[in-house]
Structures are given as structure tokens and as C-alpha cells.
Amino acid sequence: MIDPFGRHISYLRISVTDRCDFRCVYCMAEEMTFLPKADVLTLEEIDRLGSAFVRLGARKLRLTGGEPLVRKNVMSLFESLSRHLKSGALEELTLTTNGSRLAEFAEPLARLGVKRVNVSIDTLDPAKFTEITRRGKLDKVIEGAFAAREAGMKVKVNTVALRGVNEQEMDDLVAWCGREGFDLCVIETMPLGEIDADRTDQYLPVSLVRSRLAARWTLEESDKRTGGPARYVRVAETGQYVGFITPLTHNFCESCNRVRLTCTGTLFMCLGQEDSADLRAVLRQGADDAGLDAAIREAISRKPKGHDFIIDRRHNRPALGRHMSVTGG
Ligand code: SAM
């Protein structure tokens, strides 16, 4: 799969559910209306689509959400997709999780060949954690991250930088991740979906986080790339990596190798644009594999050059109406 700008599309992120057991303040509103079940792809449909992408050359699949580990029977999906790891067609099967159920699933995931997991942790303060997630328990999440490490997986902690919320904690997060052997990725807030808060209040430029960290830590430039938009530095004092994702202040589109499938089977060729392809309709109209492949290729031929996120200060509206939980973060 090569798009019109010569980029090889080798990475598919799949949101397996829009549901989540947390309600992170920057991600969701307190009262969320989730999608009717009939709109959401079945696990068999997700397997069929994921497998089509693998057939067309995707080397990496990431399951996300919503919270992937709250989807009923999600392990059967991991299991069926893991056949592509065994055959060698797929290099990596991985997930992004809030960690609430990771303690339970770490072992079976590792057994299926999942080697890396991203766990979202925005703060190490238990009370603040419950406030940000509106219901999460930090100790459960940390237990999950430790269980993943024990099962042999590499853990990367995702932290969304939030002004006035966790900005004073970045040093502690770097130190903690360093001690625990985790990499850390600091993410800028992206204006996706209606939430209850004012996004311009939450916005903390990751460039500022980086320059503050540089005052305390020795950040060595590194060419480590994980196929994603993060730019990594190595923290000399801990030996762990810290990545920075700055969709608002830095354009990472030129090397974009990814597309995203929502839990309703809509393929977004760009996180920051509305253009999409309805692959659920193709599936449910009874397309055979050749028809499905043709629909995917056609979508890839429409992948745009880049996006242009802005937090609109006058209207304080999200740049895009859909939530990260639908598109898959
Ligand atoms: N439930 C899983 C989790 O918590 O990691 C997977 C889905 S979640 C949408 C994926 C990542 O997106 C999380 O690290 C979350 O913090 C981040 N995220 C959600 N909304 C965001 C936003 N508006 N801007 C930046 N990151 C966001």
C-alpha cells in the first residue's frame, strides 16, 4: 500500500470499541452516549479487516479504543490476529490500554506474541489520577503495567501533558519510568471531540515540557523511531527513552505510515481530517476478499498529505467532532 505521496502504509490502528471504563477529562464527557451494538464491528469483522490489511502489506497492528480490554472476548481477537505473527506476515501486534484490566490479561497477551504495550498514566498521584480519569484507580493500573513487564513485555507509558494538572510532575514521571524500566511518551492534547472542559485551558505545549526536563535531565538526541510521530531522546541518567508527540506545534505528517479504523469500520486515512472510507458497508454488502482489498486500496489512494489541527480560541470548538475513543488513540 503506497499512497499518492509515496508513503508506505504499514501500520493500522484499530479501535475495537468506543466504550471505556474511564472518562478522562480531556478525552470524553462525563455522560457519554456510546454506539449501539449493531453499529460496532463484530470481532469476526475486525479480524477480517485487520487480516485484509496484513494481506496488503501492513506490518503492524495496534488495537486501541475506547478501552480495548473492556471489549467482551477481545482475547479471541488477539488470538485470531496472532496467526499473522506466527506466519511472519505481521511484525507486531500490540495495544494501547488504560491498564485497568492489564493485570488480568498481561500473561495471555504475552503468550500470543504481544511484545509491547502502551499504558496511559497521566499522573502518579492516586487522587489526581481518579480526578483526571473520573473513576480510575492508579494502583490497579500500576499493577497492570508491572504484570506486563513481568510477562516480558516492553511497557511504554503515555502521558498527556495538561496545563496546571500534571505539568509539575514531569520530572517525577521521568524518574519513575526510569526506575521501572519503562519508556515515556509525552503527548500534547489534540482537539478531538466534544468534552465538558475548555481545551485551551488544558493545552500545554510539549516543547515547554521538553525544555523544562532538559534543565534537570541530560536528554541525548536519538534517532529511535517506533514508526510513530514521537521524537525520542535518551535520558542519560536513567537509560530510558522519552518521546514527545506534538501534533499542534510540529507537523509529523511527512513520515506518516498509518491509517486508522474505527470500531464502526470507518477508515480514516488521517487522524486530523474528515475524509474516510466506509469499510463496514463493503463488508456487510458481502464483498469477497478481492472486493475488500480494492476498497482499501481506493481509500489509501485518498490519504491526504497532512493535517492542520488548531484549537480555535474564538469558538472553543474541537477541530474535529469525533472523539479519540472512536477513532482510536
Ligand atoms: N483506553 C486506552 C488508553 O487509555 O490508552 C486507549 C485509547 S485512548 C483514546 C489512547 C490515548 O489517547 C491515551 O493515551 C489518551 O490519554 C490519549 N488521548 C485521548 N484523548 C486525547 C486528546 N484529546 N489529546 C491527546 N491525547 C488524547
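Residue numbers (this note's numbering): 18 to 346. All C-beta atoms in this analysis are idealised placements derived from N, C-alpha and C, irrespective of residue type, glycine included.
Measure the C-alpha to C-alpha separation of residue i and residue j and round it to an integer number of angstroms.
i      : j      : result
His101 : Leu78  : 10 Å
Thr255 : Val223 : 20 Å
Val177 : Thr150 : 12 Å
Asp142 : Glu184 : 13 Å
Tyr220 : Cys287 : 22 Å
Gly105 : Leu129 : 14 Å
Gly308 : Leu58  : 18 Å
Ala144 : Ala192 : 20 Å
Ser293 : Gly116 : 30 Å
Met207 : Pro264 : 7 Å
Arg152 : Phe146 : 8 Å
Met18  : Ala55  : 30 Å
Gly289 : Asn274 : 14 Å
Gly169 : Lys132 : 7 Å
His25  : Cys270 : 13 Å
Pro21  : Ala316 : 11 Å
Gly282 : Met45  : 21 Å
Cys37  : Gly198 : 27 Å
Leu52  : Asp35  : 7 Å
Lys154 : Ala232 : 31 Å
Leu119 : Leu110 : 16 Å
Leu29  : Val276 : 5 Å
Arg166 : Ala304 : 41 Å
Gly23  : Glu48  : 42 Å
Gly83  : Arg314 : 27 Å
Any idea what DSSP makes of residue i, helix, strand or coil?
i      : result
His101 : helix
Ser272 : helix
Ala316 : helix
Ile63  : helix
Ser293 : strand
Leu126 : helix
Val131 : coil
Arg301 : helix
Leu58  : coil
Leu141 : coil
Ser27  : coil
Gly308 : helix
Should residue i and residue j be called a contact, given that it needs their Cβ atoms to be closer than 8 Å?
i      : j      : result
Leu73  : Leu94  : no
Phe163 : Val203 : no
Thr81  : Thr113 : yes
Val387 : Val136 : The requested residue 387 does not occur in the structure, where the chain is confined to residues 18 to 346.
Val172 : Val134 : yes
Val33  : Ile212 : no
Leu190 : Leu179 : no
Tyr27  : Ala75  : Per the sequence shown, the amino acid found at residue 27 is Ser instead of Tyr. Going by C-beta atoms, Ser27 is nearer than 8 Å to Ala75.
Leu296 : Ala312 : yes
Thr235 : Val252 : yes
Val238 : Val226 : One point to set straight first is that residue 238 is Glu, not Val, in the sequence displayed. No, the Cβ-Cβ distance between Glu238 and Val226 is not below 8 Å.
Gly195 : Gln257 : yes
Asp64  : Ser99  : no
*Entirely enclosed beta strand (DSSP E) segments - the stretch 144-180, minimum 3 residues*: 171-177
*Could I get the ranges of all uninterrupted alpha helix (DSSP H) runs contained in the stretch 189-253, with 4 residues as the minimum, in chain order?*
216-219 and 223-233
_Secondary structure, alpha helix (DSSP H): runs of 4+ residues fully inside the stretch 70-120_ = 91-98 and 100-104
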